[in-house]
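Chemist: Residue numbers (the UniProt record's numbering): 1 to 371. Even glycine gets a Cβ: it sits at the ideal position worked out from N, Cα and C. Before I ask anything, here is the structure I am working with.
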């Protein structure tokens, strides 16, 4: 028996369903859908605050029980570089929190410091450094530590690359690609100053106590080896050393692990009245993404049907014109189509998992401070 003043799990699960059935159809539509009219702006505002339907005895608040019951992830497409999945049973604020975390707070490794020994190309040092910083690195940031101003670059917080290319006089122009960046697992090879005595060890810009080959399972490098860095003419050369460190996108975009992360509400296309004959053919031609199709009724009859509602971009071409009143465009408030495109530093499914962990840490921090 549950304690006095509490509800059993079964009772909690049953109450929302019973309460939702009390709402009239038009109010239930407003509560769960966003209707997009031909002349209305497409937005996500509505009756979302907890007291919207309190006068009717409907609990529209957010609770842990409802979240556990309704939340669902359904993966639609997964490749090495991107993924598309449905996030069901959450508010737009939660979906947007994941988007912001993916863009700005999931860490990656990126080139931060450039030690330029020689650059006689037409590209200025600052521009060349910026181009190098934007090259995605094939390095798992979870294996490295953050570095502060007072820390010494070591094998746990710094990755060192070397670039030394030249174009001989009298030869054709050459293209310098990102694949020519050479990983230095032993650390920097540039000396900061000449040794005081001949037997002294050469002091470099890093202090590696061991080789990174001993602590990493696979060699490090760039994710894509065909990115153009510069073009060198006869007699020109580039010699530099690049140091990569761990960072997040809110400091600089080069640390952002995603090319883009975005979401949209699941579209619903509802045909309120049958659209037949020439109107049906005109409707099919009007849609730029082929949401509608023609159904053969026999004896030469044709009827428009919704074939691919998920492809709808809500351009609202279908609700403009003579048959616009027969169609209604909607979006489901708690169903989001999510797309993550990785830059290559981490797989997209790992990026989303890391974003979940970061949001969890933020929630735990807030709870601990409040308590």
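Check residue 173 in the structure and name its three-state DSSP category.
Modeler: Here residue 173 sits in coil by DSSP.
Chemist: Suppose the cutoff is 7 Å on Cβ atoms and the five residues either side in sequence are ignored; what does the same chain contact list for residue 314 look like?
Modeler: Contacts found: 36, 42, 267, 329.
Chemist: Is the CB-CB distance between residue 83 and residue 95 below 9 Å?
Modeler: Going by C-beta atoms, residue 83 is not nearer than 9 Å to residue 95.
Chemist: In three-state terms, what does DSSP make of residue 130?
Modeler: Of the three classes helix, strand and coil, the one that applies to residue 130 here is helix, per DSSP.
Chemist: Helix or strand or just coil, what does DSSP make of residue 273?
Modeler: Coil.
Chemist: Decide yes or no for the touch test of the segment 176 to 187 against the segment 262 to 277: beta carbon pairs closer than 8 Å, at least 3 of them.
Modeler: No contact exists between the segment 176 to 187 and the segment 262 to 277.
Chemist: Can you list, in chain order, the residues of its chain whose CB lies under 8 Å from that of residue 226, leaving out five sequence neighbours each side?
Modeler: Counting only Cβ-Cβ distances below 8 Å, and skipping sequence neighbours, we find 177, 178, 179.
Chemist: For my contact list, residue 111 and residue 133 are in at a C-beta cut-off of 8 Å; report their separation, rounded to the angstrom.
Modeler: Right, the Cβ-Cβ distance comes to about 5 Å (below 8 Å), so this counts as a contact.
Chemist: Which first and last residues belong to the beta strand (DSSP E) in which residue 36 is found?
Modeler: That run of the beta strand (DSSP E) goes 33 to 36.
Chemist: Terminal residues of the continuous beta strand (DSSP E) containing residue 305?
Modeler: 301 to 306 is the extent of the beta strand (DSSP E) around residue 305.
Chemist: Please work out which residues of its chain come closer than 6 Å, Cβ to Cβ, to residue 107, disregarding the five sequence neighbours upstream and downstream, and give them in chain order.
Modeler: Cβ within range, chain order: 141, 246, 248.
Chemist: Would you mind giving the Cβ-Cβ distance between residue 289 and residue 312, rounded to the nearest angstrom? I have them listed as a contact below 8 Å.
Modeler: Correct: roughly 7 Å between the Cβ atoms.
Chemist: Which residues in the same chain have their Cβ closer than 7 Å to the Cβ of residue 354, if we skip the five residues on either side of it in sequence?
Modeler: Counting only Cβ-Cβ distances below 7 Å, and skipping sequence neighbours, we find 106.
Chemist: Looking only at DSSP bridge pairs, what is residue 78 linked to?
Modeler: 83.
Chemist: Residue 335 bridges to which residues according to DSSP?
Modeler: Per DSSP, 88.
Chemist: Verify whether the separation of the beta carbon atoms of residue 352 and residue 241 is less than 9 Å.
Modeler: No; because the gap between Cβ atoms is not below 9 Å, this pair is not in contact.
Chemist: Starting from residue 297, follow the beta strand (DSSP E) in both directions and report where the run begins and ends.
Modeler: Note, residue 297: beta strand (DSSP E), 292 to 298.
Chemist: Three or more beta-carbon pairs under 8 Å between the segment 332 to 345 and the segment 279 to 298, yes or no?
Modeler: Taking 8 Å as the limit for Cβ pairs, the verdict is that the segment 279 to 298 does not touch the segment 332 to 345.
Chemist: Alpha carbon to alpha carbon, how far is residue 161 from residue 169? Give it in angstroms, no decimals.
Modeler: If I take the Cα positions, the gap works out to 26 Å.
Chemist: Quick one: Cα of residue 67 to Cα of residue 59, how far?
Modeler: Cα-Cα distance, rounded: 14 Å.
Chemist: Would DSSP call residue 119 helix, strand or coil?
Modeler: Strand at residue 119.
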